[in-house]
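Going down the list, the sequences are from chains D and P. Heads up, the first sequence is in the working numbering, so the first residue is 1 and it goes up one at a time. Heads up, the second sequence is in the working numbering, so the first residue is 232 and it goes up one at a time. Remarks on the structure that follows.
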Amino acid sequence: MRHICLSFLFLVLSTACLSQISGYLGKRFIVHADLTVPLLERGYHIGAEYAFTRKIGMSMGFSQISRTIRGTTLSLPGEKITFSGQQLDFTFKRYFIKAFTAPRGGYLLVHLRAGQGDVEGLAKKTALSNPPAQASDLLLINITNVNVQSWGLGMGYQYMFNRRFTFDASFRFGVNNLGGIPDEKARDAFQEFAIYNQFSFTNIAGIGNRLNFYGRPIGLSGFVSIGYLLF
Amino acid sequence: MKNTSLMYILLPILMFQFGCNPGQLIVERSNSDTTPSKIDKVISINPEFTSINLFRKNEERIMPDEGKREMFNQVLKKNAKESGIELVIYDSDHLKVTDTDYFNYLLPLRQQILRSNLSQNSAFDRKSKNLGGHSSPQTWTFIENPIFDSDYSWLSDKYGTRYFALHGVISLAYKRRALLGMAIFFPPVGLYYLIRPQYRSIYYSFLVDVKKGEVVYRELREFGGEFSKNNLEAMVFDSFNILNQQP
Chain D
1 MRHICLSFLF
11 LVLSTACLSQ
21 ISGYLGKRFI
31 VHADLTVPLL
41 ERGYHIGAEY
51 AFTRKIGMSM
61 GFSQISRTIR
71 GTTLSLPGEK
81 ITFSGQQLDF
91 TFKRYFIKAF
101 TAPRGGYLLV
111 HLRAGQGDVE
121 GLAKKTALSN
131 PPAQASDLLL
141 INITNVNVQS
151 WGLGMGYQYM
161 FNRRFTFDAS
171 FRFGVNNLGG
181 IPDEKARDAF
191 QEFAIYNQFS
201 FTNIAGIGNR
211 LNFYGRPIGL
221 SGFVSIGYLL
231 F
Chain P
232 MKNTSLMYIL
242 LPILMFQFGC
252 NPGQLIVERS
262 NSDTTPSKID
272 KVISINPEFT
282 SINLFRKNEE
292 RIMPDEGKRE
302 MFNQVLKKNA
312 KESGIELVIY
322 DSDHLKVTDT
332 DYFNYLLPLR
342 QQILRSNLSQ
352 NSAFDRKSKN
362 LGGHSSPQTW
372 TFIENPIFDS
382 DYSWLSDKYG
392 TRYFALHGVI
402 SLAYKRRALL
412 GMAIFFPPVG
422 LYYLIRPQYR
432 SIYYSFLVDV
442 KKGEVVYREL
452 REFGGEFSKN
462 NLEAMVFDSF
472 NILNQQP
């Protein structure tokens, strides 16, 4: 991860001398913060975006989240999962409105995210298709250093206002992968809980998360962030 | 958690509504042999801001917008200055009694420039130049610059520059298509479409060298959306920035 961060930094510095790319009013570097993370995941997210060319931008961010998801009325009472951890994310943006230059306008994105955290809570042991389970079927989950990866594709729009401020809204379909849980039962219980309760580990998952893609939940996520054009 | 699901449904719809519109950017310019490396001063003749609203009655459809025109003038001046170009604007709203040159020479020159750009099909060099970076718009280089009447060459001595420009904006509002489908499948969006027109906005600029009687740069930008000061600033800054890049 450290190598990726350093590569990003060197790439930014090496392309800063490309005079032909005007950016928005000559500025191409944005620092931003995601608003959905403090609102929905009790954490924070900070990041930076740089427009490498007239059409390509890349964003890197760090988030710290602590999130508790309680089971729905259909699941067992007391069923809940808390995830707390740190994540790094990279987003490649391809801006497509030709009249403007990056980092302004609509874009398509590829999103990669990786992180580590702790999971604790109670989740149902048995599969969803089984007859209604009893409270004794709840499995205590307490696992540390869980690896999380996700990637997604989507699109968004970045607005500018007051010449310096940015407002970025995007959505993306993502696949989440959970690793590092040696206990298979705990892993299955967690996966099932995630799918059933529309919970995505790394994103705020929506309707799509009921689907299960080769054992990995896929979800539709929305992100809204504000930022400041530095230079 | 359930409450947030609505956001995830609405967000993609809004994105497609506002985002899926690549528009276009066309830049055509003279080759490096005939264009100097730096343009210091440009005279802009009567920048125009025209709003065409097809939602209105016939006689009110084409409306010159004075307020927006003033804003457009300010944006032009500000961004030209930031790009290191001194822009002097001569427009019909700020004329003095002594400004007879405007009607005698500048307005006919403006008509000449428009006529020459409309009437001449130019051939372009096959080696078009990328504006910077992967898959970005390209500039097209004239093999021979479009020409116009050379009787205006003396203006370069009087105004202290050989470069004269036309800048303009056309904002078009019209009814949307596919209203019925939207009304059936997404009633709130369909209703919104009925109330609010669809916009297309066009920004254009021409730059001519009056000493040689040649068009050296022309540009057209178009996107689906309403003009705002922010949109305009983004385009005008980029336009002046390209102007001072070596072709």
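Glycine is no exception: its CB is placed at the ideal position from the N, C-alpha and C atoms.
Open item on the list: 7 Å is my cut-off, CB to CB: does Thr101 of chain D come that close to chain P?
Closed with: yes
Open item on the list: Give me the subset of the segment 459-473 of chain P whose CB atoms are less than 8 Å from a CB atom of chain D, sorted by chain position.
Closed with: Asn461, Asn462, Glu464, Ala465, Met466, Phe468, Asp469, Asn472, Ile473
Open item on the list: Tell me the DSSP secondary structure of Ala127 of chain D in three-state form.
Closed with: Residue placement at Ala127 of chain D is flagged as unreliable, the pLDDT there being 49, under the threshold of 50; the coordinate-derived value follows with that caveat. Residue state for Ala127 of chain D is assigned as coil, using DSSP reduced to three classes.
Task: Ordered list of beta strand (DSSP E) runs contained in the segment 327-415 of chain P, each at least 3 residues - done: Given a length threshold of 3 residues, each whole run of the beta strand (DSSP E) inside the segment 327-415 of chain P is given here in chain order: 369-372, 394-405.
Task: Within the segment 423-474 of chain P, ranges of the beta strand (DSSP E) (whole runs, at least 3 residues) - done: 429-440, 445-454
- [ ] Starting from the beta carbon of Arg42 of chain D, find every residue of chain P whose beta carbon is closer than 9 Å, and list them in chain order.
- [x] Correct list: empty, because the minimum Cβ distance to chain P is about 14 Å.
Open item on the list: On the criterion of 16 or more Cβ atoms from any shown chain inside 10 Å, does Leu220 of chain D qualify as buried, or is it exposed?
Closed with: buried
Open item on the list: Measuring CB atoms only, is the segment 87-103 of chain D touching the segment 35-54 of chain D, in the sense that at least three cross pairs come out at less than 8 Å?
Closed with: yes
Open item on the list: For Asp118 of chain D, tell me which candidate among D:Leu108, D:Val146, D:Ile97, D:His111 has the shortest Cα-Cα distance.
Closed with: D:Val146
- [ ] Excluding the 5 residues preceding and the 5 following Ser314 of chain P in the sequence, name in chain order all residues of the same chain whose CB lies nearer than 8 Å to its CB.
- [x] Phe468, Phe471, Asn472, Leu474, Asn475
Open item on the list: Under 7 Å, Cβ to Cβ, is there at least one residue of chain D near Phe454 of chain P?
Closed with: yes
TODO: Flag Leu139 of chain D as yes if its beta-carbon sits less than 7 Å from any beta-carbon of chain P, otherwise no.
DONE: False, the Cβ-Cβ gap to chain P never drops below 7 Å.
- [ ] For Pro103 of chain D, name the three-state secondary structure that DSSP assigns.
- [x] In the three-state scheme derived from DSSP, where H, G and I count as helix and E and B as strand, Pro103 of chain D is classed as coil.
Task: Inter-residue Cα distance where the pair is Asp150 of chain D and Asn142 of chain D - done: Checking the sequence, you will find Ser at residue 150 of chain D rather than Asp. Straight-line Cα distance between these residues: approximately 22 Å.
TODO: State the CB to CB distance for the pair Phe90 of chain D and Leu112 of chain D, rounded to an integer number of angstroms; the pair is presumed to be in contact (CB under 8 Å).
DONE: 5 Å
Open item on the list: Check whether the segment 419-438 of chain P and the segment 382-389 of chain P touch, using three or more Cβ-Cβ pairs below 8 Å as the test.
Closed with: no
- [ ] Kindly indicate if chain D contains any beta-carbon less than 7 Å away from that of Leu338 of chain P.
- [x] Taking Cβ atoms only, chain D never reaches closer than 7 Å to Leu338 of chain P, which makes this a no.
Open item on the list: Can you check which of these residues, P:Ile374, P:Glu317, P:Phe458, is closest to Lys272 of chain P by C-alpha distance?
Closed with: P:Glu317
TODO: Please decide whether Gln255 of chain P counts as near chain D, where near means a Cβ-Cβ distance under 7 Å.
DONE: yes
Task: Close beta carbons around Leu140 of chain D, own chain, < 7 Å, minus the five adjacent residues each side - done: Leu122
Open item on the list: Using a Cβ-Cβ cutoff of 8 Å, what residues of the segment 305-331 of chain P are near chain D? List them in chain order.
Closed with: Asn310, Glu313
- [ ] Starting from the beta carbon of Phe161 of chain D, find every residue of chain P whose beta carbon is closer than 7 Å, and list them in chain order.
- [x] Asn461
TODO: Out of D:Ile56, D:Ile97, D:Gln64, D:Ser66, point me to the one whose CA is closest to Ala465 of chain P's CA.
DONE: D:Ile97
TODO: Taking only the alpha-carbon atoms, compute the straight-line gap between Leu349 of chain P and Phe379 of chain P and give it to the nearest angstrom.
DONE: 11 Å
Open item on the list: Tell me which residues share the same chain as Ser225 of chain D and place their Cβ nearer than 7 Å to its Cβ, disregarding the 5 neighbours each side in the sequence.
Closed with: His32, Ala33, Asp34, Leu35, Asp168
TODO: Would you identify the three-state DSSP class for Asp324 of chain P, choosing helix, strand or coil?
DONE: helix
TODO: Could you check which residue in P:Gly399, P:Leu326, P:Gln351 has the C-alpha nearest to that of Pro295 of chain P?
DONE: Comparing C-alpha distances from Pro295 of chain P to each of P:Gly399, P:Leu326, P:Gln351 shows the shortest one belongs to P:Gly399.
TODO: Note down, in chain order, each residue of its chain lying with its Cβ closer than 7 Å to the Cβ of Arg172 of chain D, except the 5 sequence neighbours on either side.
DONE: Leu109, His111, Gly152, Leu153, Gly154, Ser221
Task: Run of the beta strand (DSSP E) containing Leu138 of chain D, from where it starts to where it stops - done: 138-161
Open item on the list: Please confirm whether Ile97 of chain D has its beta-carbon closer than 7 Å to some beta-carbon of chain A.
Closed with: The displayed structure is made up of protein chains D and P, and chain A is not among them.
Task: Three CB pairs or more closer than 8 Å across the segment 80-94 of chain D and the segment 55-62 of chain D - done: yes
Task: Proximity below 7 Å, CB of Ile270 of chain P to CB of Tyr394 of chain P - done: For Ile270 of chain P and Tyr394 of chain P, yes; Cβs fall inside 7 Å.
Open item on the list: Quick check on this structure: which residue in P:Arg287, P:Ser347, P:Leu256 has the alpha carbon closest to the alpha carbon of Tyr405 of chain P?
Closed with: P:Arg287
Task: Local conformation of Thr36 of chain D per DSSP, three classes - done: Of the three classes helix, strand and coil, the one that applies to Thr36 of chain D here is helix, per DSSP.
TODO: My understanding is that Ala99 of chain D touches Gly254 of chain P, with C-beta atoms under 8 Å, so please give their C-beta distance in whole angstroms.
DONE: 5 Å
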